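Q: This is the structure I have questions about; it appears just below.
Numbering (UniProt numbering), first residue to last: 1 to 256.
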C-alpha cells in the first residue's frame with residue numbers, strides 16, 4: 001500500500017518566489033536566459049526541473065506555457081493551445097509510462113485563489129514515487145450533464161462534483177482528438193473568466209488518465225466551503241441544468 005500523504009518541505013517552501021499578490025517580485029519565468037535544467041522545448045514552451053522541489057519523494061517539473069507573462073488560456077490562439085496541451089500530455093504520458101513513479105500529476109494553477117505562487121502562465125508535472133492519485137479519485141466526479149459532444153470528445157458539468165458546486169470536465173479517448181479537447185478547455189475557461197454568474201479570477205486544471213480515457217477537470221476557485229474542509233462533504237447547487245443551457249446558448253448556438 002502506498003503513502004497517503006504528500007510531505008512538504010517548509011525550508012524550501014519559504015524560499016519560493018511569489019508574485020501573484022506581490023507584484024514587485026520579479027518574474028523568474030520571464031528571465032529565460034537564466035533558466036536551468038531544461039528538459040524539452042517547443043518554441044516558447046519550456047519544460048524544466050522545478051527549482052524549488054517542495055514535495056518530498058517526488059520528481060517535480062514546471063511547464064512554462066509561453067514567453068508572454070500576461071498570457072492566459074482563454075486568449076491563446078486555438079492552434080497554440082492544441083500545441084501546448086499536446087506538448088504537456090506527451091511529457092506527462094512519458095513520465096507515466098517510464099515505470100519510475102506510482103503515479104504522475106499534471107495540473108495548472110491560475111489566479112490568487114488557485115494555490116499557485118507565480119503569475120506567469122505555467123503548469124506542473126509531478127511524478128509521485130509512493131502515492132497513486134487514482135486511488136483517491138471517484139470517477140463519478142468526472143461525469144455529469146452533457147454540455148456538448150464533438151468527434152468523440154465530451155464536455156460536461158459534474159453532477160457529483162469532487163469538491164462541490166461547479167466543476168467542468170472534458171474527456172477524450174485518443175490523443176488525435178486534441179483539437180476538440182483543447183477547444184472545450186478554452187470554452188470552459190472563457191466561461192469562468194468572462195460569463196460565469198459569479199466573479200471568478202482563479203481556476204485549476206487537473207488532468208487524469210484512466211484506462212485509455214483522458215480527462216481534464218476545470219474548477220473555478222474561491223474560498224473553499226467549511227463543510228468540505230471539515231467534513232469532506234461536497235455541495236451540489238440547484239442550477240446545474242440552467243448553467244448547461246447558459247453555456248450552450250453562449251458558445252454552441254447560432255453557429256458559434
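In this text, a Cβ means the ideal position worked out from N, Cα and C, and glycines have one as well. Please read all numbers here as calculations on a predicted model, not as lab measurements.
By Cβ distance below 7 Å, which residues in the same chain neighbour residue 122 in space, the five residues on each side in sequence not counted?
A: Around residue 122: 29, 62, 63, 64, 65.
Q: The alpha helix (DSSP H) spanning residue 88 covers which residue range?
A: Start and end: 78-97.
Q: What number of angstroms, rounded off, separates the C-alpha of residue 44 from the C-alpha of residue 238?
A: If I take the Cα positions, the gap works out to 42 Å.
Q: Nearest to residue 140 by CA position, among 146, 147, 162, is which residue?
A: Answer by Cα proximity: 162.
Q: On the DSSP bridge assignment, give the partners of residue 113 in chain order.
A: According to DSSP, residue 113 bridges with nothing at all.
Q: For residue 171 versus residue 148, is the C-beta spacing smaller than 7 Å?
A: No, the pair does not count as a contact, with Cβ atoms beyond the cut-off.
Q: Mapping DSSP to helix, strand and coil, what is residue 59?
A: Of the three classes helix, strand and coil, the one that applies to residue 59 here is strand, per DSSP.
Q: Determine the DSSP secondary structure at residue 41, reduced to helix, strand or coil.
A: Strand at residue 41.
Q: Any idea what DSSP makes of residue 21, helix, strand or coil?
A: If DSSP states are grouped into helix, strand and coil, residue 21 belongs with coil.
Q: Considering Cα atoms alone, identify which of 20, 119, 77, 104 is closest to residue 58.
A: The shortest Cα separation from residue 58 among 20, 119, 77, 104 belongs to 104.
Q: Scan the segment 128-213 and note each continuous alpha helix (DSSP H) run of 4 residues or more that stays entirely inside, going in chain order.
A: For the segment 128-213, whole alpha helix (DSSP H) runs of length 4 or above, ordered along the chain, are 178-190.
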